[in-house]
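Q: Residue numbers (this note's numbering): 1 to 328.
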Amino acid sequence: MATHAGPVERTAGLRQAAAAAGELVTALTALAPAVAGEGLPAESISQSYFRVREVELSDQQAALHGALALHRGLEDLCDAPLSGADLALEMTGMRQSVLDLTGAAPGADPDSLPSPAAPGPMVRAPSESLWSARWLIGHQVHVLFNICAAVAVADATRHLRHGDHDAALPRLADATVYVRGFPAAMTHASTIPADYYMAEIRHTMAPPSVDVPLSGRQHRGYKLFRAAMKDLLTVVPDSYEHLAARAPELAEARGALLEADIVDSERHVTLAYSMVHLRRSIAQKPEGPDNAVAELRLMRHRRAAQYAPLIRFGDHYIADAVARLRHT
């Protein structure tokens, strides 16, 4: 996929990728049709809003519903003005999710795979419809990445508990691919005019449109990922220096994952600034002193402080400042 090519070549590559995802959806549907998600009860307002449901699925159904989310994401990317760098990260996460969900071996011979049919001309909806749909589609890809990352981290942690570093390393690498894709998927969802977001979307995530304001903390996939990360660090809590001395490859793999997690929080700060500037978060309490950007920046600082001794280039200035605040 020529992520940094000109618009014509790039769009043609995306349309080809979307066609391939469509072929995968068709093949998986032939085994068993998709579950009617809208017919399932939502467990939260967030699930209802973003049209996400949680239910026990077979491997085939999990692969099918993941492929459906990817297919929608790829079709939308044909029109989304995402940067080449973010497109590369999101596409890499999508590829990894296909491998994980289908059990396909990485590096399969392309000649052994079925060639998708040449995509036909796309029918374009009005921009406003595309922007509203993009907000949901990008978030659904983000949810998929969260769940896949949580599973990969949990797999790695299980291997580490059993002392199998060799099996843990590739799963840590897989998790890092997903976490690097987090901000790319969120940016994908946000490739809409800020004025349109403020006028048409933001109010739909707050009362009276919904019972309680929506927040990223309400996403179960995100909670699963954060719990998996916490569990990982209970199994390998060593400082970077101590871990590198006894298991250098593990120290680097854990460090890459933690660095990606910090960058995700950093990019959330800048993304929020581009969309809402200095306005307050819709999920903040009225008496809170900060705005959305300051809240997100505080989350970044706490994460950076926690990870400072665990990574090679830790933010020790922030770690020292947080430590002083905790003792005052």
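Glycine included, every Cβ here is placed at the ideal spot set by N, Cα and C.
Expressed to the nearest angstrom, what Euclidean distance is found between the alpha-carbon atoms of Ser-46 and Ala-245?
A: One C-alpha to the other measures close to 44 Å.
Q: In three-state DSSP terms, what is Pro-170?
A: Helix at Pro-170.
Q: Is the Cβ-Cβ distance between Leu-258 and Val-236 less than 8 Å?
A: No, the pair does not count as a contact, with Cβ atoms beyond the cut-off.
Q: What's the call for Ala-118, buried or exposed, on a 16-neighbour Cβ count within 10 Å?
A: Only weak support is given to the placement of Ala-118: the predicted model assigns it a pLDDT of 48, under 50, and the value that follows is read from those uncertain coordinates. Counting Cβ neighbours within 10 Å, Ala-118 comes out exposed, since fewer than 16 surround it.
Q: Can you tell me where the alpha helix (DSSP H) holding Gln-96 begins and where it ends?
A: Element bounds for Gln-96: 84-102.
Q: For Tyr-317, is the classification buried or exposed, using 16 other Cβ atoms within 10 angstroms of its Cβ as the cut-off for buried?
A: Counting Cβ neighbours within 10 Å, Tyr-317 comes out exposed, since fewer than 16 surround it.
Q: Quick test of your reading: Ala-304 and Ile-262, contact by CB under 8 Å. State the CB separation rounded to the nearest angstrom.
A: That belief holds up - the Cβ atoms of Ala-304 and Ile-262 are roughly 5 Å apart, short of 8 Å.
Q: Looking at the structure shown, is Gly-181 part of a helix, part of a strand, or coil, going by DSSP?
A: Gly-181: helix per DSSP, three-state reduction.
Q: Ends of the alpha helix (DSSP H) at Lys-223?
A: Element bounds for Lys-223: 220-235.
Q: Measure from the alpha carbon of Gln-16 to the alpha carbon of each residue in His-71, Leu-64 and Arg-171, then state which is nearest.
A: When only C-alpha atoms are compared, the closest one is His-71.
Q: What's the call for Leu-28, buried or exposed, on a 16-neighbour Cβ count within 10 Å?
A: It is buried - the Cβ of Leu-28 has at least 16 other Cβ atoms within 10 Å.
Q: Could you tell me the alpha carbon to alpha carbon distance between Ser-239 and Pro-207, rounded to whole angstroms?
A: Going by the C-alpha atoms only, they are around 45 Å apart.
Q: Using only alpha-carbon positions, find the residue among Ser-97, Ser-44 and Arg-10 that is nearest to Ser-83.
A: Among Ser-97, Ser-44 and Arg-10, the Cα nearest to that of Ser-83 belongs to Arg-10.
Q: Rounded to a whole number of angstroms, what is the C-alpha to C-alpha distance between His-203 and Val-141?
A: So the two alpha carbons sit approximately 22 Å from each other.
Q: How many angstroms separate the CA atom of Glu-38 from the CA atom of Val-55?
A: Straight-line Cα distance between these residues: approximately 12 Å.
Q: Counting C-beta neighbours from all protein chains within 10 Å, is the total for Leu-77 16 or more, i.e. buried, or is it exposed?
A: Classification for Leu-77: buried.
Q: If we count the other Cβ atoms within 10 Å of its Cβ and call it buried at 16 or more, is Thr-176 buried or exposed?
A: The residue is buried, with at least 16 neighbouring Cβ atoms inside 10 Å.
Q: Would you tell me roughly how many angstroms separate the C-alpha atoms of Tyr-307 and Leu-31, rounded to the nearest one?
A: About 44 Å.
Q: May I ask you to report which of helix, strand or coil DSSP gives Ile-192?
A: Reduced to three states, the DSSP call for Ile-192 is coil.
Q: Just verifying my parser: in three-state terms, what is the DSSP assignment at Met-1?
A: Correct three-state label for Met-1: coil.
Q: Within the stretch 237-319, note down every full beta strand (DSSP E) run reaching 3 residues or more, in order along the chain.
A: With a minimum length of 3 residues, no continuous beta strand (DSSP E) run stays inside the stretch 237-319.
Q: DSSP state of Gly-163, grouped into three classes?
A: Looking at Gly-163 - three-state DSSP - the assignment turns out to be coil, as it is neither helix nor strand.
Q: Between Ala-189, Gly-22, Ser-44 and Pro-248, which has its C-alpha nearest Leu-310's C-alpha?
A: Considering only alpha carbons, the answer is Pro-248.
Q: Between the alpha carbons of Pro-114 and Tyr-273, how many angstroms are there, rounded?
A: The predicted position of Pro-114 is uncertain, since its pLDDT is 47 and thus under 50; a value taken from the coordinates is nonetheless stated next. Approximately 44 Å, taken between the alpha carbons.
Q: Please classify Ala-321 as buried or exposed, where buried requires at least 16 neighbouring CB atoms within 10 angstroms.
A: The residue in question, Ala-321, is exposed, as its Cβ has fewer than 16 Cβ neighbours within 10 Å.
Q: For Glu-266, which of Gly-255, Asp-290 and Arg-300 has the nearest alpha-carbon?
A: The option with the nearest alpha carbon to Glu-266 is Arg-300.
Q: Which residues in the same chain have their Cβ closer than 6 Å to the Cβ of Gly-408, if we skip the five residues on either side of it in sequence?
A: Outside the shown range of the chain (1 to 328) lies residue 408, about which nothing can therefore be said.
Q: In chain order, what residues of the same chain lie with their CB nearer than 7 Å to the CB of Ala-21, ignoring the 5 residues before and after it?
A: Taken in chain order, the residues that qualify are Ala-67, Leu-70, His-71 and Leu-74.
Q: Quick one, are the C-beta atoms of Ala-63 and Thr-92 less than 8 Å apart?
A: No.
Q: Measure how close the beta-carbons of Pro-225 and Ala-149 come, nearest whole angstrom, since I'm counting them as under 8 Å.
A: The question names Pro, but residue 225 is Phe in the sequence shown. The pair is a contact, with the Cβ atoms about 5 Å apart (cut-off 8 Å).
Q: Excluding sequence positions up to five away, which residues of its chain have a Cβ less than 6 Å from the Cβ of Asp-155?
A: Once the five neighbours on either side are set aside, the close Cβ partners of Asp-155 are Arg-171.
Q: Could you work out which residue in Ala-184, Ile-147, Ile-137 and Leu-243 is closest to Ser-97 when comparing CA atoms only?
A: Ranking Ala-184, Ile-147, Ile-137 and Leu-243 by Cα distance to Ser-97 puts Ile-147 first.
Q: Please report how far the alpha carbon of Thr-191 lies from the alpha carbon of Arg-95, in whole angstroms.
A: Roughly 21 Å between the two C-alpha positions.
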